[in-house]
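In the order they appear, the protein sequences are chains A and B.
Per UniProt numbering, residue 1 is the first one in the first sequence, and the count goes up by one each step.
Per UniProt numbering, residue 1 is the first one in the second sequence, and the count goes up by one each step.
Just below is one structure, and these are the notes that go with it.
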Amino acid sequence: MAVSPQFVRGSSSAFLTCLLLFTTFVSVSVVAGENNGTWGDRSRVLQVAEKKGEEVADSSVTHHQSNSSEHKKVFPVLSFNYDHVRTPFEISLWILLALLMKLGFHIIPRVSNVVPESCLLIVVGLLVGGIIKAIGEEAPVLDAKLFFLYLLPPIILDAGYFLPIRHFMENMGTILVFAVVGTLWNAFFVGGMMYAVCQIEGAQLGEVDLLSCLLFGSIISAVDPVAVLAVFEEIHINELLHILVFGESLLNDAVTVVLYHLFEEFSHAGTVTIGDALLGVVCFLVVSLGGILVGFFYGILGAFTSRFTSHTRVIEPLFVFLYSYMAYLSAEVFHLSGIMSLIACGVMMRPYVEANISHKSYTTIKYFLKMWSSVSETLIFIFLGVSTVAGPHAWNWTFVVFTVVICLVSRVLGVIGLTYVINKFRIVKLTKKDQFIVAYGGLRGAIAFSLGFLLTNSQMKNMFLTAIITVIFFTVFVQGMTIRPLVELLAVKKKKESKGSINEEIHTQFLDHLLTGIEDICGHYGHHHWKDKLNRFNKTYVKRLLIAGDRSTEPQLISFYNKLEMKQAMMLVESGSAAKLPTVVSSVSVQNIQPKDSTRRRAIPSISKSREQEIRKILRANLQKTRQRLRSYSRHDLMMDPFEDNLSEVRFRKQRVEMERRMSHYLTVPANRQETTPVRKVCFEPEHKVFTYITDGESPKGRTSRPHPSSPDAVSLLYEESQRDNQRSVLRAKGDTELRAKTLDNQEQQEQQEEEQVKLSRCLSDPGPNKDEEGDGSFHS
Amino acid sequence: MGSSRSRMDDIPHAQQLIHETDFSAAHLLRLHQRFKFLDKYQTGELRPRDFGAIPALALNPIGDRIIGAFFSPGRETLDFPSFVRILAHFRPTDPNRSRDSTQQELANSRTRKLKFAFQLYDQDRDGKISRAELLQVLRAMLETQVVEEQLQSIAERAIQEADLDKDDAISFDEFRRIVFFFFVFCLQSLEKVNIDHKMSIRFLK
């Protein structure tokens, strides 16, 4: 219970901070409002202020003129000119507010466990909107242009760039069926039923015609990727369900776009003919395929450009972002599906770009995408709250209640019906639990709201907007909050934390080959056959074109392995064992150290020069740091944890102490005489959850290496591993040292080891950066 | 496909095969047709060179291993029942089937599938994938010339990750464990081969 006072303090300070922020923000906005009084007429916050700028310039000029025309005033030492910075100031303030709110939520742990972040943000938006309205100012509304052009693309790009392709493709059929057929069913069912509802006497809805209802249905039927992402991110369900719901939310954009435009056109025209319906179908194909093609085109351009960026590493990430954004905008020009275009661009670009760009650029891209999408999401939800308070509402009990009910019903029916059909073609059938989660996860969000906002002004529009907002609130709050306990209750399979392992990669490829072979034997052109053909095409033509240098001929396994090794190198070095660098740089060092092997040389160098240099640079950069660190810390000091997220200091220290204990145990246990080369046992988890566990059987320098868990999950693995290892010292030999170990005796081994160590350090202490190294020297972390 | 269509009477022991491997009659017919197509000289049995005639298989890095898996060790010919039995490994697993304890394990159970894949690695059938065998597989799959050291490191690392009892080889249990969690998808694709059969039979008619 020692935690509670801390908790209380923490939460109260967080509360105070939030309160402070509120007041600051509101007061500034009020001042701003008073100063100009132009928050009226629904000013768009992010409007590119050309016109305004002129106005402001004019007013300031006249102001100065009037000043000088009067008798000479005292030179103003301090003056207040808010208009000058108004727009960027407000934008920054909004974003800052949003992020501080987000920060606040995570400081209060209890709340964020129960309530998903999206709900909290909407509540904040409601409060802010309420305050602004109470003051009497007009609040900024979630403008459709703002939303579609600025807030939505980062989220979609983030989703598309990191889309798990394999799962996506394997379930493509199911996803497409849900996205297309499901959305169509939803739209027509909701539209039709609402029309029937409108016919009810006494509901005062008589003037709502069928087309308007269908339009409304098409707006409200689309599952929203932003909301789905926001909620599903926190519940960690298994990949299958995640990709199903998420994929559906992405792909239904085409359907939504087509239906929306279709019904909007027709609601003006008044009548629909069969010809129009057929045109609608054609339009759908054009919209979706066109969007994808545009995306692919820009993706290829991006990949091709990245081939030449080896001298200007700094701007590499920008190419990725800009090409993707251009893809989105280009698609929007022709009213094609921008979302699909963005996804296609990201998917297309990624493998080639990642082969070309430097490691730092890769990290930059990753972080920027995550950052932007996070900000966007936060802003969207807050604005949703604000707009709810601000917008004109036309509350009609019948309409709204029936909308909510019918939406739910249609979603459930749709999922059940479609699953029944889909399961006939699937191998992994979707169980009832899966169906429930898919149905329950069909959240509506800001896209529906923005589309509703784009409708032409009328009484119906307000009613529609009210209903849309209610549905959104219902799905986000009720479904969003309850989905987590439901997932627990139903014991839905969670996401498996799989380590990025070389074994998986090998076996996956092996299995692919196996299945392709079997298909060939059976004479059947199936899934694997075409995949194999695509791979071959990719390897022979596309990769040559789009990937720079000799990495274009690098087999996938090798690049995967290199990536793993490089990651490990960085982790290893950051954890401080500068003395030993086992097989980490094996591919690099071996080439340098074994002159006698250089005679039987390779036709193609396995690691290109640039790669080698890259590895060296990373190691050097980190080694320098660690050398400094090692000088100041003694062996028993607890080192600074470079990975400060996810880990509490206390727990970490405890683990360290435990590890030290085990380390000392190892050092006193005599190792097997034959195997004296230093050992490293590595457990690997993707991305940030990496830890290395370094045990040293017997090293001439007698230095311990530090285990370095970087996440709580990793620790249990650590214990597992160490228990297994406890009986013997496991050793890892490099390929050639193994061979040598078998033939040499211990004495020579020791010597050679030392020699090797020396050679290694010599290899590492290479002369400083030369001129033609990669240009991101300024980026030293 | 040129050759005359088979009928059920042409197929020896058809009923027994159906019972054993759980293929449907239509499947069996199609497989028999394929068998006859591959068996160019109508000897009633297949030889490795008949498989070699399939062009796509020649391009497959592990093509020869797959062919080898069809033939039991020491045998040079493959008759139709054996052909079918091997292919039965790739049928989808039906989770609803009640396991009859007296009946021998069905060919398509998950274990059998894994064992089949395992045998493709383990050419000398000693129950373990040794480092040398793993190296061979890697060499086959990495078609371009790769440095020997890199292969060694990859093999080294792979064995290290998987090897739990530290015998420097991967036994069947260890194999099963490493591939287990992504097998949910991969094995399904193993099983998918036959679903596609079903669809192609429809088109054939």
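Glycine residues also receive a C-beta, built at the ideal position from the N, C-alpha and C atoms.
Quantities reported herein were computed from a predicted structural model and do not represent experimental measurements.
Since residue i is in the alpha helix (DSSP H), which residue starts that stretch and which ends it?
i      : result
A:I382 : 359-390
B:I154 : 148-162
A:I447 : 446-453
B:Q33  : 25-38
B:K166 : Element bounds for B:K166: n/a, residue is neither H nor E.
A:P351 : 338-356
A:Y440 : 432-440
A:V186 : One point to set straight first is that residue 186 of chain A is Asn, not Val, in the sequence displayed. Segment 183-198, the alpha helix (DSSP H) holding A:N186.
A:S410 : 397-422
A:I521 : 502-522
Looking at the secondary structure, which residues open and close the beta strand (DSSP E) in which residue i lies?
i      : result
A:S92  : Premise fails: A:S92 lies in the alpha helix (DSSP H), 86-107, not in any beta strand (DSSP E).
B:A169 : 169-171
A:K493 : Looking at the DSSP string, A:K493 is not in any beta strand (DSSP E), and its letter there is neither H nor E.
B:S130 : 128-130
Is the CB-CB distance between residue i and residue j below 9 Å?
i                      : j      : result
B:I18                  : A:H513 : no
A:S386                 : A:G104 : At residue 386 of chain A the sequence reads Val, which differs from the Ser that was named. Their beta carbons are not under 9 Å apart, which means A:V386 does not touch A:G104 by this criterion.
A:K133                 : A:A355 : no
A:L336                 : A:G291 : yes
residue 802 of chain A : A:V375 : Residue 802 of chain A lies beyond the stretch modelled for chain A, which goes from 1 to 781, so this question has no answer here.
A:Y561                 : B:S130 : no
A:W185                 : A:G417 : yes
A:S310                 : A:A548 : yes
A:Y260                 : A:S212 : no
A:L251                 : A:V438 : no
A:F178                 : A:L285 : no
A:P116                 : A:V471 : no
B:L31                  : B:F83  : yes
A:L413                 : A:V223 : no
A:C388                 : A:I122 : Note on identity: in this sequence residue 388 of chain A is Thr, with Cys being the wrong assignment. For A:T388 and A:I122, yes; Cβs fall inside 9 Å.
A:E488                 : A:S118 : no
A:L342                 : A:I156 : yes
A:V314                 : A:M349 : no
B:A88                  : B:E20  : yes
A:I357                 : A:S324 : no
A:L214                 : A:F148 : no
A:I483                 : A:G441 : yes
A:I506                 : A:A569 : no
A:L329                 : A:V226 : no
A:F216                 : A:A394 : no
A:K495                 : A:E239 : yes
With residue i and residue j assumed to form a contact (beta carbons below 8 Å), what rounded beta-carbon distance in angstroms separates them?
i                      : j      : result
B:L120                 : B:I170 : Their Cβ separation, rounded to whole angstroms, is 13 Å, which puts B:L120 and B:I170 out of contact at 8 Å.
A:F402                 : A:M194 : 7 Å
A:L430                 : A:Y161 : Their Cβ separation, rounded to whole angstroms, is 27 Å, which puts A:L430 and A:Y161 out of contact at 8 Å.
A:A269                 : A:G295 : Their Cβ separation, rounded to whole angstroms, is 32 Å, which puts A:A269 and A:G295 out of contact at 8 Å.
B:K113                 : B:D122 : In fact, because the Cβ distance is near 15 Å, the residues do not count as touching under 8 Å.
A:G247                 : A:I175 : 4 Å
A:L142                 : A:S450 : 7 Å
A:I615                 : B:L57  : Incorrect: roughly 39 Å between the Cβ atoms, too far for contact.
A:V190                 : A:C198 : Rounded, the Cβ-Cβ distance is 12 Å, inconsistent with contact.
residue 211 of chain B : B:D163 : Lying before the first or after the last residue shown, residue 211 of chain B is absent from chain B, which here runs from 1 to 205.
For the ligand ATP, is there any heavy atom lying closer than 8 Å to the beta carbon of residue i?
i      : result
A:G299 : By its list of ligands, the structure shown contains no ligand whatsoever, and the ligand ATP lies outside what it can speak to.
(request) With 8 Å as the C-beta to C-beta threshold (strictly closer), list the residues of the region 426-446 of chain A near chain B in chain order. (result) I427, V428
(request) Return the residues of the region 43-67 of chain B that lie within a Cβ-Cβ distance of less than 9 Å from chain A, sorted by chain order. (result) If the cut-off is 9 Å between Cβ atoms, the region 43-67 of chain B has F51, I54, P55, A56, L57, L59, N60, P61, I62, G63, R65, I66, I67 near chain A.
(request) Compile a chain-ordered list of the residues in the region 547-561 of chain A whose CB is closer than 7 Å to at least one CB of chain B. (result) T553, P555, L557, I558, Y561
(request) Please list the residues of the region 467-479 of chain A that have a C-beta atom closer than 9 Å to any C-beta atom in chain B, keeping them in chain order. (result) none
(request) Within the region 215-278 of chain A, note down every full alpha helix (DSSP H) run reaching 4 residues or more, in order along the chain. (result) 225-235, 239-269
(request) Name, going along the chain, the residues of the region 161-178 of chain B whose beta-carbon falls closer than 9 Å to a beta-carbon of chain A. (result) E161, A162, L164, K166, I170, F175, I178
(request) Taking only beta carbons into account, state which residues of the region 66-83 of chain B come closer than 7 Å to chain A, listed in chain order. (result) I66
(message) Threshold first: 4 residues or longer. Then list the alpha helix (DSSP H) segments lying entirely within the region 312-336 of chain A, N to C.
(response) As far as the region 312-336 of chain A is concerned, its whole alpha helix (DSSP H) runs of at least 4 residues are 316-333.
(request) Check each residue of the region 149-163 of chain A: if its Cβ is closer than 8 Å to any Cβ of chain B, include it; give the result in chain order. (result) none
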